[in-house]
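Enquirer:
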Amino acid sequence: KRVQLRLTEFYRSA
Amino acid sequence: MLELRLVQGSLLKKVLESIKDLVNDANFDFSSSGFSLQSMDSSHVALVALLLKSEGFEHYRCDRNTSMGMNLGNMSKMLKCAGNDDIITIKGDDGSDTVTFMFESPTQDKIADFEMKLMDIDSEHLGIPEAEYHAIVKMPSAEFARICKDLASIGDTVVISVTKEGVKFSTRGDIGTANIVLRQNTTVDKPEDATVIEMNEPVSMTFALRYMNSFTKATPLSNTVTISMSPDLPVVVEYKIAEMGYVRFYLAPKMEE
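Protein sequences appear in the order of chains P and W. Numbering of the first sequence is given in the numbering used here, commencing with residue 50 and proceeding in unit increments. Numbering of the second sequence is given in the numbering used here, commencing with residue 431 and proceeding in unit increments.
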């Protein structure tokens with residue numbers, strides 16, 4: 050099953 | 431004191447139309463070099479980054495860096511009141527809780543000003559480092575919009591695969607499957623009609639078509655779109671705004687669990 054990742058899993062808060 | 435005069439006011443109207451459905455409200459960050467905006471959609475799956483450089487404005491004055499929180503739906507309502515040929519001026523005063531949009535007809539015989547309430551927005555700002563992408567596809571924006579629309583009638587997700595053969599957009603749904611392959615094609619009359627594939631390594635990733643279709647609302651801003659992909663990063667879908675900047679959309683992939 051494919052799950053939708055979130056951007057916060059790739060980028061940190063600036 | 432903030433005053434930005436944009437002769438091609440339709441550009442700002444198009445920018446708003448391209449982002450307002452993805453993001454409800456956003457902080458506009460004004461500085462002497464231009465203004466920018468970064469905002470994620472409510473599910474934190476997609477992000478829009480906008481840059482409009484001061485050089486693109488007829489007149490640009492920003493005495494000190496300032497951030498204005500705006501509801502994009504309300505801003506869009508106001509900008510829709512500007513004619514497509516109108517000159518748009520954005521005005522703001524330090525410490526004010528409103529922003530003014532002034533619309534001038536090209537012949538100067540109609541002048542309107544709309545004052546919009548600002549809002550406090552507690553938005554999360556992501557640091558997005560420059561990245562080397564495995565593959566960058568540049569193609570006509572209308573073609574990309576057509577492909578996303580067509581595939582969305584078949585399935586919910588698109589697999590975008592780049593190989594040296596070309597770029598393939600695939601989907602599957604209850605009624606069947608679809609594959610659309612574009613080959614590199616640089617022998618065209620107009621450069622904006624070309625499909626150009628820069629590939630360091632093959633890449634194949636899966637994305638939600640709902641978001642891709644939302645991004646294609648930026649199609650009127652540019653004849654071409656670039657799609658940048660690496661297997662371990664969100665895809666970047668970029669529409670360049672001639673001489674001024676860009677609208678970039680970032681979308682997190684769907685991964686096999």
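By construction, the Cβ of each residue, glycine as well, lies at the ideal position given by its N, Cα and C atoms.
1) If you measure beta-carbon to beta-carbon, which residues of the stretch 435-458 of chain W are closer than 9 angstroms to chain P?
2) In three-state terms, what does DSSP make of W/M431?
3) State the CB to CB distance for the pair W/P661 and W/Y680, rounded to an integer number of angstroms; the pair is presumed to be in contact (CB under 8 angstroms).
4) With distances taken between CB atoms, is the gap from W/L556 to P/A63 smaller than 8 angstroms?
5) What whole-angstrom Cβ distance do W/F487 and W/C511 have, given they're in contact under 8 angstroms?
6) Any idea what DSSP makes of W/P570, helix, strand or coil?
7) Assuming W/G439 and W/I541 form a contact by the criterion Cβ under 8 angstroms, report the distance between their Cβ atoms to the nearest whole angstrom.
8) Quick check on DSSP: helix, strand or coil for W/D523?
9) Name the two residues that bound the continuous alpha helix (DSSP H) containing W/I722.
10) Would W/D543 pass as a contact of W/T530 if the rule is Cβ separation under 8 angstroms?
11) Specify the secondary structure class of W/L481 as computed by DSSP and reduced to three states.
12) Is the number of C-beta pairs between the stretch 544-564 of chain W and the stretch 604-621 of chain W that are closer than 8 angstroms three or more?
13) Relative to the C-alpha of W/D459, which candidate in W/P536, W/D539, W/S553, W/G513 has its C-alpha closest?
14) Taking C-beta pairs closer than 8 angstroms, name the residues in chain P that W/G557 reaches, listed in chain order.
15) Using a C-beta to C-beta distance shorter than 7 angstroms, which residues of chain P count as neighbours of W/K598?
16) Roughly how many whole angstroms lie between the Cα atoms of P/Y60 and W/L612?
17) With contact counted as at least three CB pairs below 8 angstroms, one residue from each stretch, are the stretch 495-503 of chain W and the stretch 577-584 of chain W in contact?
18) Name the two residues that bound the continuous alpha helix (DSSP H) containing W/R640.
19) Note down, in chain order, every chain P residue with its Cβ under 9 angstroms from the Cβ of W/M659.
20) Counting only beta-carbon separations shorter than 8 angstroms, does W/H474 have a partner in chain P?
21) Would you mind reading off the limits of the beta strand (DSSP E) that contains W/M470?
22) Helix, strand or coil for W/L651, going by three-state DSSP, please let me know.
23) Among W/E686, W/V445, W/L436, W/S469, which one has its Cα closest to the Cα of W/L651?
24) With a threshold of 8 angstroms between beta carbons, is W/M685 in contact with chain A?
25) Suppose the cutoff is 6 angstroms on Cβ atoms and the five residues either side in sequence are ignored; what does the same chain contact list for W/Y676 look like?
26) What would DSSP say about W/K670, mapped onto helix, strand or coil?
27) Determine the direct distance from the alpha carbon of W/T593 to that of W/T636, and round the result to whole angstroms.
Expert: Well, looking at it:
1) none
2) The residue given as residue 431 of chain W occupies position 1 in the second sequence. Coil at W/M431, not helix or strand.
3) Position 231 of the second sequence, counted from the first residue, corresponds to residue 661 of chain W. Position 250 of the second sequence, counted from the first residue, corresponds to residue 680 of chain W. Wrong, their Cβ atoms sit about 15 angstroms apart, outside the cutoff.
4) Start at 1 with the first residue of the second sequence, and residue 556 of chain W comes out as number 126. Start at 1 with the first residue of the first sequence, and residue 63 of chain P comes out as number 14. Yes, the Cβ-Cβ distance between W/L556 and P/A63 is below 8 angstroms.
5) As a working note, residue 487 of chain W is residue 57 in the second sequence. As a working note, residue 511 of chain W is residue 81 in the second sequence. Not really, about 20 angstroms apart at Cβ, beyond 8 angstroms.
6) Within the second sequence, residue 570 of chain W is the residue found at index 140, counting from 1. Strand at W/P570.
7) Residue mapping note: residue 439 of chain W aligns to position 9 of the second sequence, counting from 1. Residue mapping note: residue 541 of chain W aligns to position 111 of the second sequence, counting from 1. Incorrect: roughly 13 angstroms between the Cβ atoms, too far for contact.
8) As a first step, residue 523 of chain W must be located in the second sequence, where it is residue number 93. Correct three-state label for W/D523: coil.
9) The structure shown has nothing for residue 722 of chain W, since chain W only spans 431 to 687.
10) Numbered from 1 along the second sequence, position 113 holds the residue referred to as residue 543 of chain W. Numbered from 1 along the second sequence, position 100 holds the residue referred to as residue 530 of chain W. Against a cut-off of 8 angstroms, the Cβ pair of W/T530 and W/D543 comes out as a contact.
11) One-based indexing of the second sequence puts residue 481 of chain W at position 51. If DSSP states are grouped into helix, strand and coil, W/L481 belongs with the strands.
12) no
13) As a first step, residue 459 of chain W must be located in the second sequence, where it is residue number 29. Checking every option, the nearest Cα to that of W/D459 belongs to W/S553.
14) Your numbering for residue 557 of chain W matches position 127 in the second sequence. Within chain P, the residues near W/G557 are Y60, R61, S62, A63.
15) Position 168 of the second sequence holds residue 598 of chain W. Those within 7 angstroms of W/K598 in chain P number zero; the least Cβ separation is about 18 angstroms.
16) Working through the first sequence from its first residue, we reach residue 60 of chain P at position 11. Working through the second sequence from its first residue, we reach residue 612 of chain W at position 182. Answer to the nearest angstrom: the Cα atoms are 31 angstroms apart.
17) no
18) Position 210 of the second sequence holds residue 640 of chain W. If you look at W/R640, you'll find it in the alpha helix (DSSP H) that goes 639-645.
19) Here residue 659 of chain W refers to the residue found at position 229 of the second sequence. Going along chain P, no residue has its Cβ under 9 angstroms from W/M659, so there is no contact; the nearest lies around 13 angstroms.
20) Here residue 474 of chain W refers to the residue found at position 44 of the second sequence. For W/H474, the answer is yes, since a Cβ of chain P falls inside 8 angstroms of its Cβ.
21) In the second sequence, residue 470 of chain W corresponds to position 40, counting from 1. 464-470 is the extent of the beta strand (DSSP E) around W/M470.
22) For the purposes of this step, residue 651 of chain W is taken as the residue at position 221 of the second sequence. Helix.
23) One-based indexing of the second sequence puts residue 651 of chain W at position 221. Among W/E686, W/V445, W/L436, W/S469, the Cα nearest to that of W/L651 is on W/V445.
24) The chain labelled as chain A is not found among the protein chains of the depicted structure, namely P and W.
25) Within the second sequence, numbered from 1, the residue matching residue 676 of chain W stands at position 246. Close CB contacts of W/Y676 within its chain, under the 6 angstroms cut and outside five residues either way in sequence, are with L481, E668, K670 (chain order).
26) Residue numbering aside, residue 670 of chain W sits at position 240 when the second sequence is read from its first letter. Strand.
27) Stepping through the second sequence from its first residue, residue 636 of chain W is reached at position 206. Stepping through the second sequence from its first residue, residue 593 of chain W is reached at position 163. Straight-line Cα distance between these residues: approximately 15 angstroms.
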